[in-house]
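Quick note: the sequence shown uses my numbering, first residue 2, plus one each step. By construction, the Cβ of each residue, glycine as well, lies at the ideal position given by its N, Cα and C atoms.
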Amino acid sequence: MFGPILDVVRVEELKPRSKWVPNMARSTCSMCNERFSLFRHKHHCRTCGEVVCMDCYTTKTAVSPTAEPSRVIVCVFCLAKRERQFLLHQAAGTPPHTIDFANPFQYVGDETDVFDPMQYSKSSSKKRSSFMRSISKRYLAFW
2 MFGPILDVVR VEELKPRSKW VPNMARSTCS MCNERFSLFR HKHHCRTCGE VVCMDCYTTK
62 TAVSPTAEPS RVIVCVFCLA KRERQFLLHQ AAGTPPHTID FANPFQYVGD ETDVFDPMQY
122 SKSSSKKRSS FMRSISKRYL AFW
């Protein structure tokens with residue numbers, strides 16, 4: 002939809018494994034709140050380190066000037082942030098190659114909108130069946 006610029010993740014954007022949320026810290030997906038089970042496995046987003054289920058991630062190509070490209074997991078929240086940042090730059094007339102994804106948790110001109118999974122998880126105890134319903138009230142208003 003947005004072309005090759007959003008299909009690629011730079012190595013600098015990847016969070017080191019030591020900074021990932023520990024597996025034991027999450028019994029439910031940080032995006033949809035579905036409980037992990039034998040059939041719903043835990044996966045780590047390589048850009049934010051959160052623990053997500055198979056329904057809440059996609060894969061992108063990580064590129065580095067010194068290594069071969071490889072496929073990495075990116076959660077739908079980080080993907081949505083990347084798409085939104087791309088659209089904001091496009092609307093402002095900024096060439097796409099100047100987009101700075103160095104701070105994946107901050108939108109352009111939106112310094113206060115930072116995703117805190119712990120705060121979000123505590124905001125509601127009921128299960129949600131889809132990612133879009135779980136973020137609709139908080140984030141879709143910005144789209």
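Mapping the DSSP letters down to three states, classify residue i as helix, strand or coil.
i          : result
residue 28 : coil
residue 77 : helix
residue 18 : helix
residue 37 : coil
residue 11 : strand
residue 63 : strand
residue 85 : helix
residue 90 : helix
So residue i and residue j are supposed to be a Cβ contact under 8 angstroms. How far apart are they, rounded?
i          : j          : result
residue 74 : residue 62 : In fact, because the Cβ distance is near 12 angstroms, the residues do not count as touching under 8 angstroms.
Is the beta carbon of residue i sitting closer than 7 angstroms to the one on residue j?
i          : j          : result
residue 57 : residue 33 : yes
residue 22 : residue 69 : no
residue 31 : residue 53 : yes
residue 7  : residue 78 : no
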